[in-house]
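Asks: I am attaching a structure below and will ask some questions about it afterwards.
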Amino acid sequence: MTATTTGSPQRRLLEGNHAIAEAAVAAGCRFFAGYPMSPFTSLLEHMSRLLPEVGGTCINAESEIEGVNMALGAAAAGARAATGSCGQGLALMQEAIAEMALNETPCVVFNMMRGQQDYHQATRGGGWGDYRTIAMAPKDVAEAVELTQDLFDLAERHRAPVLLLGDHLVAETHEAVSTTSREYEELPPRDWVLDGSSSGTGRSRQVWTWAMGKANDPGPGPDGQWRRIAAKFAEIEASGLARHEAYRLEDADTVVVAWGSPAKFVAHVVDELRDEGHRVGLFRPITLWPFPGPALREATRGAARVLVFEVNAGQMLDDVRIHADDRDAVEFVGGVSIHEGGMNFGPLLDAPRVRERIVEHLPTPAAPA
Amino acid sequence: MEQRRQAPDLDLVVVGIGGQGVQLMSKMLAQAATAEGRDVLMSSEIGGEMRGGPSLASVVIGRRARRALPILPSVGSLILMTTEYSADPLSRLRHGGWVLRNSTLVSDDDLPDGTTSLGVPVIDVARQLGSPQVAGLVMMSAYAAVTDVVSADSLVAAMEGLVPPYRRQHVESNARAIHHGHELGRQLTKEPVA
């Protein structure tokens, strides 16, 4: 299966990591550096095979810290660069992600999670300083192909690191998908790229988080730089970039909020419960940051209960409590659940178990019409 | 791209013991269906790093594939290569569902009362064909014939695409196994189901 620079319209059966790799290449990714860790590893392997076919470079770095910093360097020099791992590897990358946010280096970072443990890591960040990270969570392989491409555009458009939060189901499930390149609006000029074109002019470009500039070309310094970056992220948050999926919410008196693969399980349960007369719907954030707060407020207006289902101890829960129309209506119905091997979702992620968690909170339904 | 208008929608869980046989046979079906223009989802559950652990695969073909869950709450058909690890999949078999069992190892008595099943002695067949490793291919080809979900030619093409370079010497015997299994499946459907 050869990579092409424009993706492939033909539908093929691909495991998620393969589809994501092809989508990345179709989006122009030409540099990837990473270190193996399940369930991210095959994404690195696919990139190692695909990138040389399009004149790109893939490096099996010696650690996650090395990988993300290699990607930072490549991106600063103008390549569409990416890296990834699972949450434990992302933990090692936090400083570099903060640096990229604060020194405006675009990069796509893939977190192929083992469960859903990394919502806080993704949305609050574990680095330093006043920065935010655009983060998106697909529910399946088909959506991952779209979001991966969107993230490469967003990274460059906003000159920032951005995150794709997958999980082992997204990584390893096979779906019949096509990976055609998506189209985007024109990007701002790439006058920030360290391409050597200003060398010797006395005004060579710098990538410097402290932005002090040079004696003959002073920069804004840390105060100016960090204020500007903070304002940039505030503007991104207010810009309408947030996305969500609203499923059967029109007359819902119970709103279930879920993200990623588990949201697909919730949608299945919503269908079952609707058939039984319950007025229940699903609100699925697609951007975890910016969180679709205003849309959630609108969707939960008048709802008797807002049930948060995620496979962790309650992380997106915090954002739901902030934004739901009635904070007191919010209940957590998820929980930590990990397979005994430590690498996959545990027994909670199964439609009958998800159903139990939701049904516990439902009133007796009216007779079906 | 071959389009078979009458090909059914279906979902299937394949149950066996690792190695890679269950995964290969399931992927062969999934690839064949994709090549025939169907919507497909396939997910796997492989337990343990050593051989002898569970190896399961779920395949959904047709309109339900896009919204199908990677862990199927219920399923319309099962392939049981052994009795091991079959209890949970059997508990998910929908009313009206059916089982294709490896009758070399799985008898009708091994299944819950009232389970509709067909048996193919795939390990015996594979031995007769000269290689026990093709049992899964025989089984999946029989399944494809019984359900008419994909053609034998599509299975052979899928198998050829899946066999790694260092196994090319098996392509021909694999293809024979597929055609043989497909014929066995066709024979099965000529007889009434118990």
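Residue numbers (our numbering), protein chains in the order written: chain A, 87 to 455; chain B, 17 to 210.
Using N, Cα and C, we set each Cβ at its ideal position, and we do this for glycine too.
Note that the structure is a prediction, hence the values are computed from the model and not measured.
(1) With 8 Å as the threshold, decide whether the Cβ of T259 of chain A is near any Cβ in chain B.
(2) Distance, Cα to Cα, N197 of chain A vs R183 of chain B?
(3) Under a Cβ-count criterion, where at least 16 other Cβ atoms within 10 Å of its own Cβ denotes burial, should P55 of chain B be classed as buried or exposed?
(4) Under 8 Å: do the region 389-397 of chain A and the region 341-354 of chain A share three or more Cβ pairs, one atom per stretch?
(5) Beta-carbon of P438 of chain A versus every beta-carbon of chain B: anything under 8 Å?
(6) Taking C-beta to C-beta, are L435 of chain A and P371 of chain A nearer than 8 Å?
(7) Could you check whether the Cβ of F351 of chain A sits closer than 8 Å to any Cβ belonging to chain B?
(8) With a threshold of 8 Å between beta-carbons, can A160 of chain B be considered close to chain A, or not?
(9) Identify the contact partners of L85 of chain B in chain A, using a Cβ-Cβ distance below 8 Å as the criterion.
(10) What does K300 of chain A pair with, by DSSP beta-bridge criteria?
(11) Does DSSP put T265 of chain A in a helix, in a strand, or in coil?
(12) Taking Cβ positions, are G379 of chain A and H425 of chain A nearer each other than 8 Å?
(13) For chain B, check one thing: does any of its Cβ atoms lie closer than 8 Å to the Cβ of A262 of chain A?
(14) For the region 88-101 of chain B, list every residue whose C-beta sits within 9 Å of some C-beta in chain A, in sequence order.
(15) Which residues of chain A have a Cβ atom closer than 8 Å to the Cβ of T132 of chain B, listed in chain order?
(16) Reducing DSSP to helix, strand and coil, say where W229 of chain B ends up.
(17) Compare the C-alpha of H354 of chain A against each of B:A81, B:S42, B:A46 and B:K43 and name the closest.
(18) Express the C-alpha separation of G326 of chain A and A73 of chain B in angstroms, rounding to a whole number.
(19) Which residues, in order along the region 49-61 of chain B, keep a beta-carbon less than 9 Å from a beta-carbon of chain A?
(20) Give me whichever residues DSSP pairs with M198 of chain A in a beta bridge.
(21) Could one say the Cβ of R98 of chain A lies closer than 8 Å to chain B's Cβ atoms, at least one of them?
(22) Could you check what DSSP says for V362 of chain A in three-state terms: helix, strand or coil?
(23) Please decide whether S47 of chain B counts as near chain A, where near means a Cβ-Cβ distance under 8 Å.
(24) Which of the three DSSP states, helix, strand or coil, is assigned to G379 of chain A?
(25) Determine the DSSP secondary structure at R387 of chain A, reduced to helix, strand or coil.
(26) Please classify D125 of chain B as buried or exposed, where buried requires at least 16 neighbouring CB atoms within 10 angstroms.
(27) Whose CA, out of B:V141, B:A174, B:M97 and B:A161, lies closest to the CA of G32 of chain B?
(28) Name the chain B residues whose beta carbon is nearer than 9 Å to that of L359 of chain A?
(29) Quick check: M41 of chain B and V29 of chain B, are their CB atoms within less than 8 Å of each other?
(30) So for V5 of chain B, helix, strand or coil by DSSP?
(31) Per DSSP, which residues does F351 of chain A bridge with? Please list them.
(32) Put T287 of chain A into one of helix, strand or coil per three-state DSSP.
(33) Evaluate contact between the region 308-322 of chain A and the region 355-369 of chain A, counting only Cβ atoms and requiring at least three cross-stretch pairs below 8 Å.
(34) Suppose the cutoff is 6 Å on Cβ atoms and the five residues either side in sequence are ignored; what does the same chain contact list for D411 of chain A look like?
(35) With DSSP collapsed to three states, give me the class of H425 of chain A.
(36) Taking only the alpha-carbon atoms, compute the straight-line gap between M148 of chain A and Q203 of chain B and give it to the nearest angstrom.
Replies: Judging by the given coordinates:
(1) Residue mapping note: residue 259 of chain A aligns to position 173 of the first sequence, counting from 1. Chain B, which has a Cβ nearer than 8 Å to the Cβ of T259 of chain A, makes this yes.
(2) Position 111 of the first sequence, counting from 1, holds the residue named residue 197 of chain A. Position 167 of the second sequence, counting from 1, holds the residue named residue 183 of chain B. Between N197 of chain A and R183 of chain B, the C-alpha separation is close to 34 Å.
(3) One-based indexing of the second sequence puts residue 55 of chain B at position 39. It is Asp, not Pro, that sits at residue 55 of chain B in the sequence shown. Flag for D55 of chain B reads buried.
(4) Contact between the region 389-397 of chain A and the region 341-354 of chain A is present: three or more C-beta pairs spanning the two stretches fall below 8 Å.
(5) By one-based count along the first sequence, residue 438 of chain A stands at place 352. True, the Cβ-Cβ gap to chain B drops below 8 Å.
(6) Here residue 435 of chain A refers to the residue found at position 349 of the first sequence. Here residue 371 of chain A refers to the residue found at position 285 of the first sequence. No; because the gap between Cβ atoms is not below 8 Å, this pair is not in contact.
(7) Within the first sequence, residue 351 of chain A is the residue found at index 265, counting from 1. Residue-level contact by beta carbon holds for F351 of chain A and chain B, with a gap shorter than 8 Å.
(8) Position 144 of the second sequence holds residue 160 of chain B. No, A160 of chain B lies away from the interface with chain A (no Cβ there is under 8 Å from its Cβ).
(9) By 1-based counting over the second sequence, the position of residue 85 of chain B is 69. Residues of chain A whose Cβ lies closer than 8 Å to the Cβ of L85 of chain B are, in chain order, K350, F351, H354 and A437.
(10) Counted from its first residue, the first sequence places residue 300 of chain A at position 214. Residue pairing by DSSP places K300 of chain A opposite A:D303 in a beta bridge.
(11) Translated into positions along the first sequence, residue 265 of chain A becomes position 179. In the structure shown, T265 of chain A sits in coil (DSSP, three-state: anything other than H, G, I, E or B).
(12) The residue you call residue 379 of chain A lines up with position 293 of the first sequence. The residue you call residue 425 of chain A lines up with position 339 of the first sequence. It is not a contact, given that the beta carbons lie outside the stated cut-off.
(13) Counting from one through the first sequence, the residue named residue 262 of chain A turns up at place 176. Interface criterion met: the Cβ of A262 of chain A is under 8 Å from a Cβ in chain B.
(14) Of all residues in the region 88-101 of chain B, L88, P89 and S90 have a Cβ within less than 9 Å of some Cβ in chain A.
(15) Along the second sequence, one-based indexing puts residue 132 of chain B at 116. By Cβ distance, chain A contributes nothing, its closest Cβ being about 23 Å from T132 of chain B, past 8 Å.
(16) Residue 229 of chain B is absent from the model: chain B starts at 17 and stops at 210.
(17) Within the first sequence, residue 354 of chain A is the residue found at index 268, counting from 1. With distances taken between Cα atoms, H354 of chain A lies closest to B:A81.
(18) Here residue 73 of chain B corresponds to residue number 57 of the second sequence, with the count starting at 1. Here residue 326 of chain A corresponds to residue number 240 of the first sequence, with the count starting at 1. G326 of chain A has its alpha-carbon roughly 41 Å from the corresponding atom of A73 of chain B.
(19) Per Cβ criterion, the list reads A49, T50, A51, G53, R54, D55, V56, L57, M58, S59, S60 and E61.
(20) Residue 198 of chain A sits at position 112 when you count from the first residue of the first sequence. Answer by DSSP bridge pairing, in chain order: A:G252.
(21) Taking the first sequence and counting its residues from 1, one reaches residue 98 of chain A at position 12. It does; some Cβ of chain B falls within 8 Å.
(22) Translated into positions along the first sequence, residue 362 of chain A becomes position 276. Before going on, a small fix: residue 362 of chain A reads as Glu here, not Val. Residue state, collapsed to three classes: coil.
(23) Numbered from its first residue, the second sequence carries residue 47 of chain B at position 31. Looking at the sequence shown, residue 47 of chain B is not Ser but Gln. Chain A contact via Cβ: present.
(24) Residue 379 of chain A sits at position 293 when you count from the first residue of the first sequence. Assignment of G379 of chain A by DSSP, reduced to helix, strand and coil, places it in the helix class.
(25) Along the first sequence, one-based indexing puts residue 387 of chain A at 301. Judged by DSSP in its simplified three-state form, R387 of chain A adopts coil rather than helix or strand.
(26) If you number the second sequence from 1, residue 125 of chain B lands on position 109. Around the Cβ of D125 of chain B, a 10 Å sphere holds fewer than 16 other Cβ atoms; the residue is exposed.
(27) Counted from its first residue, the second sequence places residue 32 of chain B at position 16. Here the closest residue by C-alpha is B:M97.
(28) Reading the first sequence from its first residue, position 273 is the one you call residue 359 of chain A. Within chain B, no residue has its CB atom less than 9 Å from the CB of L359 of chain A, the nearest being about 13 Å off.
(29) Counting from 1 along the second sequence, the entry for residue 41 of chain B is found at position 25. Counting from 1 along the second sequence, the entry for residue 29 of chain B is found at position 13. The beta carbons of M41 of chain B and V29 of chain B sit no closer together than 8 Å.
(30) Absent from the model: residue 5 of chain B. The displayed extent of chain B is 17 to 210, so no value can be given.
(31) The residue you call residue 351 of chain A lines up with position 265 of the first sequence. Paired residue(s): none; F351 of chain A is not in a bridge.
(32) If you number the first sequence from 1, residue 287 of chain A lands on position 201. Coil, per DSSP.
(33) Verdict: no, contact absent.
(34) Within the first sequence, the letter at position 325 stands for residue 411 of chain A. Excluding residues within five positions, the ones whose Cβ falls inside 6 Å are R383, T386 and R387.
(35) Your numbering for residue 425 of chain A matches position 339 in the first sequence. If DSSP states are grouped into helix, strand and coil, H425 of chain A belongs with coil.
(36) If you number the first sequence from 1, residue 148 of chain A lands on position 62. If you number the second sequence from 1, residue 203 of chain B lands on position 187. First, the residue type needs correcting, since residue 148 of chain A is Glu and not Met in the sequence shown. Taking the straight line joining both Cα atoms gives about 57 Å.
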